[in-house]
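Everything in the first sequence is counted per the working numbering, starting at 6 for the first residue and increasing by one.
Just so you know, even glycine gets a beta-carbon here, dropped at the ideal spot from N, CA and C.
One structure is given here, and the rest of the page talks about it.
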Amino acid sequence: MMGIIEKFKFIKPGEVRTRFAPSPTGFLHIGSARTALFNYLFAKKNKGSFILRIEDTDKERSKPEFEQDIIENLKWIGIEWDEDLYKQSEREDIYTKYLKKLLEKDTAYYCFCSEEELEDQKQEQMSRGLPARYNQKCAQLSAEEVKKNLDAEKKAVMRFRTPAQKIVFNDLVRGKVEFDSSLMGDVVIAKDLTTPLYNFAVVVDDFEMKISHVIRGEDLLPNTPIQILLQKALGFSQPEYAHLPLILGSDKSKLSKRHGAVSVAEYKKQGYLSETIINFLAFLGWNPGTEREIFSLASLIKEFSMERVQKGAAVFNIKRLDFLNGFYIRQKSPDKLTELCIPYLVQEGLLEPVFKTESYPPAYGGMSISQKYRVVETKEEVSFDYLKKVVAIYQERLKKLSEIIELTDLFFKDKLHYDKKLLKWKDMSDEEIKNVLDKLTEVLSEIKDADWRKKNLENILMLEAEKIGDRGKILWPLRTALTGKKASAGPFEIAEILGKGKTLKRIKQAGGLIE
RNA sequence: GCCGCCUUCGUCUAGUGGUUUAGGACAUCUCGUUCUCAACGAGAAGAUUCGCGGGUUCGAAUCCCGCAGGCGGCACCA
6 MMGIIEKFKF
16 IKPGEVRTRF
26 APSPTGFLHI
36 GSARTALFNY
46 LFAKKNKGSF
56 ILRIEDTDKE
66 RSKPEFEQDI
76 IENLKWIGIE
86 WDEDLYKQSE
96 REDIYTKYLK
106 KLLEKDTAYY
116 CFCSEEELED
126 QKQEQMSRGL
136 PARYNQKCAQ
146 LSAEEVKKNL
156 DAEKKAVMRF
166 RTPAQKIVFN
176 DLVRGKVEFD
186 SSLMGDVVIA
196 KDLTTPLYNF
206 AVVVDDFEMK
216 ISHVIRGEDL
226 LPNTPIQILL
236 QKALGFSQPE
246 YAHLPLILGS
256 DKSKLSKRHG
266 AVSVAEYKKQ
276 GYLSETIINF
286 LAFLGWNPGT
296 EREIFSLASL
306 IKEFSMERVQ
316 KGAAVFNIKR
326 LDFLNGFYIR
336 QKSPDKLTEL
346 CIPYLVQEGL
356 LEPVFKTESY
366 PPAYGGMSIS
376 QKYRVVETKE
386 EVSFDYLKKV
396 VAIYQERLKK
406 LSEIIELTDL
416 FFKDKLHYDK
426 KLLKWKDMSD
436 EEIKNVLDKL
446 TEVLSEIKDA
456 DWRKKNLENI
466 LMLEAEKIGD
476 RGKILWPLRT
486 ALTGKKASAG
496 PFEIAEILGK
506 GKTLKRIKQA
516 GGLIE
């Protein structure tokens, strides 16, 4: 423990130090991720340090899996913290030290009121139009009474003797902010000597860790005055504050589960790229003041400034997220994109990796990139390069990686299932469709395997199409016969990937529907 | 109920007293390309003129005051 305290002695005065302090009581929330991002950007912009502190003082609600999720997803979006990770649960004696100090100075006292009692009190105050605050029933208990209660092991908490005064501070995004502490009452700062509560623990940690700037969500703004008072009572210096605007759902209330996906993990699973998340989040409440809207994490560090952070809350616009994701997907190299898409196809059960040796490590999430895959339905083996071709023709159509499944499943199925009406272009009759399919079979059969290339297929078939006049009369039935979908990539590129055998087979199957 | 914060196109925003008939992006619509979808290119519409009312000023989205609305907080959660 001494080691940690010693370490902070070497921090230069004036050094910018920010922190992201999530409580591991849920998966990393997209709003929290933005808070983390802004802390990170501000620190890096100012050549300072960004630290991660897990606020796990609530023993009931804190879970190791949430802590893991936070760490994993922070790393995934590219936010790395300096120094070791701090956990409040490992710093109990520090809190105890300061708690004792407050007790000795009598700026904190034991309270033995029951929770029911407190709740009734609050309801009564609200109904009378008064501010809801503790009535200080235990504030003047004598030392003997306290000792008696404690000895009797009566359930107790520790309250801060909140001095009544006007608290004014400068918020980096909001400017001057004022509160009147006489309206707040004596807040509970700890359940006992080793169980501090949020308001107390942050104040102690931010001081101990020499945090220079506290950057957090606006929902924490009302906690700031009490924290400032605590700092004063403990003789701590006061950090700068910056309260970020909230992220709202479409109904303009604080973004929560009922609005849909809220955890970074869910977005990742749906196939949003980390670049997208970063770029999108940065623009929720910030902009560079220019018309440039595409920013990587590195370029954000260069451009970020707290002065340009918005005051008003921002509605989370999923359409814009999709647009950005489509953009970043189009920027990917075919190799990289294929690597990213394969896990979705495997997960869906369309493909399975074929590992050369038993010892091949199925690393991350059980999915590593193999060079060979087996199509589950047909048992045929396909190479990474084959999959790359498949993915490539859908690159510009992809908004989310997960969409690769519905877009390309036709390449991993033996037989397609669709209604014969799909084959019909405009007002074509069954007779006409049949004729077109027969013609297609005839023409394509003559093409040699070696000449089975997109360009060549196009040359030959477009010639036929011109003869008919309306190109759709041949291209639409061809494409739908090959894909079973009304929207897809072009017929020639699909035919090339499918190969001659399968192409002819699917045309035959389509013909079978018409009979 | 009490306290606080916020308020420019549907959404994210530019705008810090005159260069603004308020600019950009997403979304929407139209056209082009095209067998389809997407991408791409061109264009349109979109703020009853900047929540409302008052003031300061020759002049206000921009400064001041009031109001309204929205949101957040008021835990032995963070």
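From this set, the options, which residue's C-alpha is nearest residue i's C-alpha?
i, options, result
"Asp191", "Phe13, Lys14, Gln315 and Cys143", "Cys143"
"Glu85", "Phe25, Ser132, Glu357 and Ile398", "Phe25"
"Thr200", "Ala169, Val162 and Ile252", "Val162"
"Leu188", "Arg166, Phe328 and Glu471", "Arg166"
"Thr23", "Phe15, Leu42 and Phe32", "Leu42"
"Ile3", "Val351, Ser304, His422 and Gly265", "Here the chain covers residues 6 to 520 and nothing more, so residue 3 does not appear."
"Pro29", "Asp61, Lys50 and Ser54", "Asp61"
"Ile76", "Ala270, Gly240 and Leu226", "Ala270"
"Lys4", "Lys52, Asp327 and Phe497", "Nothing can be reported for residue 4: it is not among the residues displayed for the chain, which extend from 6 to 520."
"Arg335", "Leu289, Ser450, Lys106 and Leu403", "Leu403"
"Lys160", "Asp475, Thr295, Lys171 and Glu120", "Glu120"
"Lys52", "Arg263, Gly495, Leu289 and Ile306", "Ile306"
"Phe360", "Ile512, Ala148 and Tyr378", "Tyr378"
"Leu302", "Glu280, Tyr272 and Phe389", "Glu280"
"Lys453", "Ile465, Leu442 and Lys444", "Ile465"
"Phe256", "Val182, Leu449 and Ala319", "As written in the sequence, residue 256 is Asp, which differs from the Phe given in the question. Nearest C-alpha to Asp256: Ala319."
"Ile519", "Gly240, Lys439, Leu289 and Ala238", "Lys439"
Excluding sequence positions up to five away, which residues of its chain have a Cβ less than 6 Å from the Cβ of residue i?
i, result
"Ile410", "Tyr349 and Glu353"
"Leu226", "His248"
Leaving out the 5 sequence neighbours to the left and right, which residues in its chain are closer than 7 Å to residue i when beta-carbon positions are compared?
i, result
"His34", "Val267 and Ser268"
"Val151", "Tyr115"
"Trp457", "Glu501, Gly504 and Lys505"
"Val387", "Tyr378 and Val380"
Express the C-alpha separation of residue j and residue i in angstroms, rounding to a whole number.
i, j, result
"Glu408", "Ile299", "23 Å"
"Arg66", "Ile398", "47 Å"
"Val208", "Glu382", "60 Å"
"Asp414", "Ile282", "27 Å"
"Glu213", "Glu109", "20 Å"
"Val21", "Asp210", "16 Å"
"Ile99", "Phe205", "11 Å"
"Glu158", "Lys196", "13 Å"
"Tyr45", "Asp340", "30 Å"
"Gln232", "Gln275", "39 Å"
"Cys118", "Asp89", "39 Å"
"Pro18", "Gly31", "35 Å"
"Ile347", "Phe15", "48 Å"
"Met433", "His422", "21 Å"
"Ile59", "Asp74", "12 Å"
"Asn140", "Ala148", "19 Å"
"Leu104", "Ala113", "8 Å"
"Gly317", "Ala492", "41 Å"
"Asp63", "Pro136", "27 Å"
"Asp419", "Leu57", "51 Å"
Pick helix, strand or coil for residue i, following the three-state DSSP scheme.
i, result
"Lys510", "helix"
"Trp86", "coil"
"Pro339", "helix"
"Thr200", "strand"
"Ser268", "strand"
"Asn292", "coil"
"Thr23", "strand"
"Arg379", "strand"
"Pro482", "helix"
"Tyr423", "coil"
"Glu60", "coil"
"Val173", "strand"
"Ile502", "helix"
"Glu97", "helix"
"Lys453", "coil"
"Tyr91", "strand"
"Cys346", "helix"
"Tyr45", "helix"
"Ala113", "strand"
"Ala238", "helix"
"Ala148", "helix"
"Ile75", "helix"
Quick one: what's got a C-beta closer than 8 Å to residue i's C-beta in the same chain, skipping five residues either side?
i, result
"Arg224", "The residue asked about is misnamed: residue 224 is Asp in this sequence, not Arg. Answer for Asp224: Leu251 and Lys259, listed in chain order."
"Ser391", "The question names Ser, but residue 391 in the sequence shown is Tyr. Here the set comprises Ile502."
"Ser310", "Lys50"
Which partner residues of residue i appear in the DSSP bridge assignment?
i, result
"Tyr246", "Asp176 and Val219"
"Pro358", "Tyr378"
"Glu183", "Val173"
"Ile1", "For the chain, the structure presents residues 6 to 520; residue 1 sits outside this window and is missing."
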